[in-house]
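Chemist:
Protein chains in written order, with the working numbering: chain A, 12 to 343; chain B, 15 to 391; chain C, 36 to 355.
And the structure:
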């Protein structure tokens, strides 16, 4: 049950114009978030945490918005306890930033009808189950994947590109599928090798995979989740390039990361707060796309040819206009 | 008779040593907290509040203790049987996934009265099978169980991921195209009843306590248990006594694995109602610590598991309230183990000294009683 | 879309990578051999490796102390040694239950390394890995040169440790004492060997090498640190000691076998090897190293009685 909210951009613009929607509430908006990795993971959790902080700054700091977080909640039961505790402590918005938290969330949401819950990446807002206080969010990672793919196809000199995948699921899978299509579009002669480490967190496995990709001839790598840091470090030592996703990874490796697809969750957060101010506690599903500005691109310090930027721009336009359809699933 | 009782039953140091060890560990961890810029007293107060601060919290603490208790009881069997079972983590997963597969396959066709116990039995069987493999390899090929259980853990993790992304994936996930590695939800008929909503406390607590009693009886009151312990004490002596060492080593691993599998099944039918990625992370390991803390005695596992459940629940609260990194608790767990394990020597020395003292003081009534001293383990 | 690689090229690369990947296991396993041969099981290797990994990268990284890579390794070994002293005190002097104390040490090492990572590095730290060391003449040999002689110095030292440890164990007095203490501490004690002192030395040596193993992982291989980055390698290193029957050469083979199997399953994914048209799921492929290790051990008939008779048994004069 998915309702694409096409008005996110408009809504948040309007609300920003009005500015003080926080003043409609007594005291600060209290937001809590439970994450499976650390806020410094350079990928999944960092993206949403920096989004929260950005919105907080926008709204006027801690007096306007309070943020509480639990990181490293990779155990689902512990996370469920954390979510419940936050709801119990009266937080207005409780975010479960991990698909694995879904079942627990659906079990406890009915007990706290006044609390707004949000989870992602997901599309199910629980309306089928009669729940009214759950927001769902996801990212059309395949779109940015496509653009990264287009650029990677033009960047590679060896015509071999490596994908260091984590677990074959969720937004990682979307990203990788999009990436493969993007490379095919800009450079059909290039070979894309894909491996999965079967873990979101094991950096040494990422390094092993990257090593093998490089031995197979790859001079450009990409991948998803927090285990890629080893792979990026490695391709840097080899003088190759990296395309990132979820967070801006160029800050740490400016000479290696050509571009990163960045999940900009700020619009989603702002809208959730706004919805609450209007009395709507859930039931809205969000999707970050290129079109609505939820997916952004951050570039590193790597020198890239104008042709490449043009190709990327064309691809972006094509996706936004619907001319280019990026498949979310590829045949095996 | 009196001498035996006084030696074995009477030493308070044996019971208090773990507690003193915890206090020492907490003190050291307090130093760590100060280094992190946090107030240890605030931190520990927050821990206590988190674990015991309300009825719901207490019930959740107890619910947290359930899988730890079951794993610990299994570890007691293993270690008493002379086997170092590091494979509880994998055995727990296999038990949980077996129970899930069974429950989902059965669906609505069974009444809960049969469904729940059967599901748990399947879970036990799954874990037992996973423990049987290292057991068999040790018995038949003398392959060391540390090696096999370590490998089996890793295999289990990957097997779990394979099943949850493939054959056992929730059809809803495939339909939605999100492919999140999780199973279909367990049918309600297989759920362990909740005792005190909104807390997570469920019937599993009774299962765990009953298991502790059963295993105690098994180990100390049955010939089977006697043989398991005999093999654990001395393989050579057991061989001499005609006990088949390989059989009982395998059995120890099978039972230990079965209890870990049961822990997994209880957790999935009582708490999560679904197999997901991130299920019961680290419970296999923590269970070993709990077993140690309970002096490797199944009945000791009961209070030990409660204490550890409180430690873990309270620690998470502390992390939330004071933003203390969760790694502090891992370090604290390590310190607790090190202190408890080190305290053993003092307890044993005390027991030995008391035994010598008592032997040297014959009383009128006891002078013709033959003292039988065996190790106060 | 095929890869333009010949089978030779793939095998050469795979083996070269295997040597590098086996290095952390080698350091840790050889250290554990010393410890176990004297009768002490140290399951704390995982925790010590993690501490070593963090300390090494902290010393070397721009974000840390910016020292030379070799200093990082020495620092990791020093910290490993400290933890080894702790392990020795607990296992040898306090005669604690060895399997369990090891787990305590692992938990402690895991917790402390994660805490230090958070406190000192704020959750992100990187450093360039050890550069490859060219050995004049040898590195340029075709195939052989590529596989064996284009590694970094940590790799060379790890493999050198194998014959060195064999020599130490079999040809030195200390080695003889270690073996005696592990097989029959009572007899060794009667002959005037200080059992506890020998065990202290091996446990500390083992832990020092485990620290080096951690350094090999962080600044030798990956160039980063992450919480719990060893992901079980310490336990696998201990398991490899059993696999290799306490012999450094066989343990080396085990480490190579294990790392090779892991590398090959990655290659299977890269080359998109299929069974009857369907791709093999990566998580099934990932099981191969572990299953293979068990199978090889089962089918290579181990001679019995290789296990040091006194392994895990504490020594008390007058008791054993």
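Ideal placement from N, C-alpha and C gives every residue a C-beta, glycine not left out.
(1) Taking residue 320 of chain A as the reference, which of A:119, A:73, A:158, A:246 has the closest Cα?
(2) Which residues does DSSP pair with residue 272 of chain A in a beta bridge?
(3) Which residue comes first and which comes last in the beta strand (DSSP E) that contains residue 368 of chain B?
(4) May I have a chain-ordered list of the alpha helix (DSSP H) segments no shorter than 4 residues that lie completely inside the segment 115-174 of chain A?
(5) Return helix, strand or coil for residue 154 of chain C, following the three-state DSSP convention.
(6) Measuring only between beta-carbons, confirm whether residue 34 of chain B sits less than 9 Å from chain A.
(7) So, do the segment 134-143 of chain B and the segment 94-110 of chain B have three or more beta carbon pairs nearer to each other than 8 Å?
(8) Can at least three beta-carbon pairs, one atom from the segment 192-205 of chain B and one from the segment 280-287 of chain B, be found at a separation below 8 Å?
(9) Looking at the structure shown, is residue 314 of chain C part of a helix, part of a strand, or coil, going by DSSP?
(10) Helix, strand or coil, according to DSSP, for residue 216 of chain B in the structure here?
(11) Taking only beta-carbon positions, decide if residue 78 of chain C is within less than 9 Å of chain B.
(12) Going by the C-beta, is residue 58 of chain A closer than 8 Å to any heavy atom of the ligand ZN?
(13) Can you tell which of C:117, C:208, C:155 has the C-alpha that lies nearest to the C-alpha of residue 140 of chain C?
(14) Any beta carbon from chain A within less than 9 Å of residue 179 of chain C's own beta carbon?
(15) Check the Cβ of residue 220 of chain A against every Cβ in chain C and list those closer than 7 Å, keeping chain order.
(16) Counting pairs of beta carbons, one from the segment 121-130 of chain C and one from the segment 72-82 of chain C, are three or more of them closer than 8 Å?
(17) Flag this pair as touching only if the segment 154-170 of chain A and the segment 127-138 of chain A have three or more C-beta atom pairs under 8 Å; answer yes or no.
(18) Check residue 232 of chain A in the structure and name its three-state DSSP category.
(19) Quick one: is residue 112 of chain C buried, meaning 16 or more other Cβ sit within 10 Å of its Cβ, or exposed?
(20) Starting from residue 187 of chain C, follow its DSSP beta bridges and name the residues at the other end.
(21) Classify residue 307 of chain B as buried or exposed, calling it buried when 16 or more other Cβ atoms lie within 10 Å of its own Cβ.
(22) For residue 152 of chain C, is the classification buried or exposed, using 16 other Cβ atoms within 10 angstroms of its Cβ as the cut-off for buried?
(23) Is the beta carbon of residue 226 of chain B sitting closer than 9 Å to the one on residue 83 of chain B?
(24) Flag this pair as touching only if the segment 92-106 of chain B and the segment 147-167 of chain B have three or more C-beta atom pairs under 8 Å; answer yes or no.
(25) Since residue 136 of chain C meets chain B, which of its residues come closer than 8 Å, beta carbon to beta carbon?
(26) Which ranges does the beta strand (DSSP E) cover as unbroken runs of at least 3 residues, wholly within the segment 68-92 of chain A, from first to last along the chain?
(27) Using 9 Å as the limit for Cβ to Cβ distance, is residue 328 of chain C near chain A?
(28) May I ask you to list the residues that DSSP assigns as paired with residue 197 of chain B?
(29) Mapping the DSSP letters down to three states, classify residue 43 of chain A as helix, strand or coil.
(30) Nearest by alpha-carbon distance to residue 64 of chain A: which of A:276, A:100, A:140 is it?
(31) Is DSSP giving residue 329 of chain A helix, strand or coil here?
(32) Quick one: what does DSSP say residue 255 of chain A is sitting in, helix, strand or coil?
(33) Given a cut-off of 9 Å on the beta-carbon distance, is the pair residue 350 of chain B and residue 129 of chain C in contact?
(34) Taking only beta-carbon positions, decide if residue 332 of chain B is within less than 9 Å of chain C.
(35) Could you please tell me which residues of the segment 268-297 of chain B, in chain order, have their CB closer than 9 Å to any CB of chain A?
(36) Spatial neighbours of residue 264 of chain A within its chain, please: C-beta separation below 6 Å, excluding the five flanking residues on both sides.
Modeler: Here's the rundown:
(1) A:158
(2) Paired residues: A:308.
(3) That residue, residue 368 of chain B, is in no beta strand (DSSP E); its alpha helix (DSSP H) goes 341-374.
(4) 152-166
(5) DSSP places residue 154 of chain C in the helix class (H, G or I) of the three-state scheme.
(6) Not an interface residue.
(7) yes
(8) yes
(9) strand
(10) strand
(11) yes
(12) No copy of the ligand ZN appears in this structure; indeed no ligand is present at all.
(13) C:117
(14) no
(15) 301
(16) yes
(17) no
(18) strand
(19) A residue is called buried when at least 16 other Cβ atoms come within 10 angstroms of its Cβ; residue 112 of chain C meets this threshold and is buried.
(20) C:167
(21) Its Cβ being crowded by 16 or more others within 10 Å, residue 307 of chain B is buried.
(22) Residue 152 of chain C is buried by the Cβ-count criterion.
(23) yes
(24) yes
(25) 351, 352, 355, 356
(26) 76-81
(27) no
(28) Paired residues: B:183.
(29) strand
(30) Of the candidates A:276, A:100, A:140, the one whose C-alpha sits nearest the C-alpha of residue 64 of chain A is A:276.
(31) For residue 329 of chain A, the secondary structure class from DSSP, reduced to helix, strand or coil, is helix.
(32) strand
(33) no
(34) no
(35) 281, 285, 286, 287, 288, 290, 291, 292, 293, 294, 295, 296, 297
(36) 243, 247
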